[in-house]
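S.K.: Shown below is the structure under consideration.
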Amino acid sequence: MSISLSNPVRDTLPYRAIFVVFVLTALALAGWRVAAQVEGDRGIAPIASSGDFEVDGISVNATGKTAEEARTNGWLQAQRKAWDVLYARTHAGAKAPQVPDSRLAQMVSAVVVEREEIGPRRYVAKLGVIFDRARAGELFGQTDAMVRSAPMLVLPVTYSGGVAQLYEHRTPWQRAWAQFRTGSSPIDYVRPFGAGGESLLLTAGQASRRSRSWWRNILDEFGAADVLVPVARLERQWPGGPVVGTFTARHGPDNAYLGSFTMTAADDAELPAMLERAVERMDAVYARAMADGRLRVDNTLNVEEATIDPALIEALTREAAPAAPANAPQPGTAAPVPQPVTAQPAAPLSRFAVQVATPDPASLDAALTGINGTPGVANTTVGSLAIGGTSVLQVGYAGNLDGLAEALRARGWQVTQGADALRISR
């Protein structure tokens, strides 16, 4: 008869190995899913823009004895046409003075080839010409620096097929903004493109947020002072047919409306050109809003941690210092026997929810100022911010809910009392 003894340590080794493999596999899959959320082509990196003058869409048709000579003649032709367009743009349609080709060549800093066809003796193309601001500006008296806006974070939101997208996938609207040359614009655009974790932080739903502290964190991440949300709604009439685009310019954490327009492309092949023109019109809308004073940095975005004034602390310390008793013993008399004093416990601090209508940021500031000035209120924090609706404030009060309601009524508020909350209005 044989007796076999089992080793419990040896018998559990396979199960332990299986458990370890399972844990490592789960961690690998979790890491893959996190990486998969940020990998891939999210957007188009914006081109570098300078302050030079740029004229796009110049059509040329030139000939020459050779292909190279035809190309050179086409570029000279583009420079002359671009100079006429630039002068008319900056002088209210006036006719440009005659400038020698050698002088034009000195002012031109670059030629952008948008489309070209080169033959043995012919050159047909659409070009863009960039003029150096310093040299070209001296010729027609524009050497002064352009007044530009504060840095504005741009979130180009696209609605296509009923789905809103920003940097989840590459969109033609984001591409048009990335290729837009901002040097001649009075708006200082900050253009992210969804690299790394930007696609997780900046989403299409971000435009509907109203939290100032949340916006402040995002703007600080990109070095911006405020936000612009150009929205493009693309509707295809039928597959391969016209594409109707409705473009809306919005601004700020409250998604304020600045203007809108509609454009139509004949088909998907004409869509990129339409979006390029739409970006230029959108830039004109923002520039006009800036000139009218409607495009300004929202002061409520300047969220700072509350600090206590040292002078106030010193004044409160002096007031809290014990004063000399009125029946203090005179010199030469016996001091009275001190009686034990029982310290009065401080009233417990309770927190209550207070609802208040906040149609605009000024009403929120007024509500916070009014509640904080109520006797017995220790502090007030914003529990739920809804500009244009009803915000909920958390109020720390030394007393019960009835006492807080009476104190607010004494300050001129109309108070509706519920079970554990108040609703106030003016």
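Just so we're on the same page, my numbering is the position in the sequence shown counted from 1, plus 18. The beta carbon of each residue, even a glycine, is placed where N, CA and C say it ideally should be. Note that the coordinates shown come from a computational prediction; the quantities given were computed from them, not determined experimentally.
1) Going by beta carbon distance, what residues of the same chain come within less than 8 Å of residue 103, once the five residues before and after it are set aside?
2) Tell me which same chain residues have a C-beta within less than 7 Å of the C-beta of residue 254, skipping the five on either side of it?
3) Exposed or buried, residue 17, counting other C-beta atoms within 10 Å across all chains shown (16 or more means buried)?
4) Does DSSP classify residue 144 as helix, strand or coil?
5) With distances taken from CA atoms, which of 88, 242 and 210 is nearest residue 139?
6) Would the segment 203 to 213 count as touching the segment 170 to 181 if we require 3 or more Cβ pairs under 8 Å?
7) For residue 412, list the residues DSSP reports as bridge partners.
8) So the candidates are 304, 379, 281 and 370; which of them puts its Cα closest to the Cα of residue 166?
9) Looking only at its chain, what residues have a beta carbon closer than 6 Å to the beta carbon of residue 148, apart from the 5 residues adjacent to it on each side?
10) Could you please give me the residues that DSSP links to residue 253 through a beta bridge?
11) Going by beta-carbon coordinates alone, are residue 440 and residue 395 separated by less than 7 Å?
12) By the 10 Å Cβ neighbour count, where 16 or more other Cβ atoms means buried, how is residue 297 classified, buried or exposed?
13) Under 7 Å between the Cβ atoms of residue 79 and residue 142?
14) Taking 7 Å as the cut-off, decide whether the C-beta atoms of residue 250 and residue 263 are in contact.
15) Skipping 5 residues on each side, what residues in its chain have a beta carbon closer than 8 Å to that of residue 135?
16) When burial is assigned at 16 or more other CB atoms within 10 Å of the CB, is residue 28 buried or exposed?
17) With distances taken from CA atoms, which of 426, 194 and 420 is nearest residue 391?
18) Grouping DSSP H, G and I as helix and E and B as strand, with all else coil, what is residue 119?
19) Which residue comes first and which comes last in the beta strand (DSSP E) that contains residue 279?
20) For a test of the three-state rule: what should DSSP assign to residue 435, helix, strand or coil?
21) Go ahead and pull the three-state DSSP assignment for residue 197.
22) Whole angstroms are fine: how far does the CA of residue 93 sit from the CA of residue 119?
23) I think residue 184 touches residue 123, with their Cβ atoms under 8 Å apart; what is that distance to the nearest whole Å?
M.R.: For this structure:
1) The answer, listed in chain order, is 73 and 76.
2) Taking residue 254 as the centre and dropping the five residues before and after it, the same chain places the C-beta of 261 closer than 7 Å to its C-beta, in chain order.
3) Nothing can be reported for residue 17: it is not among the residues displayed for the chain, which extend from 19 to 444.
4) Strand at residue 144.
5) Ranked by Cα distance from residue 139, the first of 88, 242 and 210 is 88.
6) These segments touch.
7) Residue pairing from DSSP places residue 412 in a beta bridge opposite 371 and 399.
8) Nearest option by C-alpha distance: 304.
9) If we look at residue 148 and ignore the five residues flanking it on each side, its Cβ neighbours are 70, 72, 127 and 128.
10) Paired residues: 262.
11) No. Outside cutoff.
12) By the 16-neighbour rule on beta-carbons within 10 angstroms, residue 297 is buried.
13) Taking 7 Å as the Cβ cut-off, residue 79 and residue 142 qualify as a contacting pair.
14) Closer than 7 Å, so yes.
15) These residues qualify, in order along the chain: 141, 142 and 143.
16) Below a pLDDT of 50, predicted positions are generally treated as unreliable, and residue 28, at 44, falls in that range; no measurement from the model is reported.
17) Nearest C-alpha to residue 391: 426.
18) Residue 119 falls in the helix class under three-state DSSP.
19) Residue 279 -> beta strand (DSSP E) spans 274 to 283.
20) Per DSSP, reduced to three states, the secondary structure at residue 435 is strand.
21) Coil at residue 197, not helix or strand.
22) Across the structure, residue 119 and residue 93 are spaced so that their CA atoms are roughly 11 Å apart.
23) Not a contact, Cβ separation roughly 42 Å.
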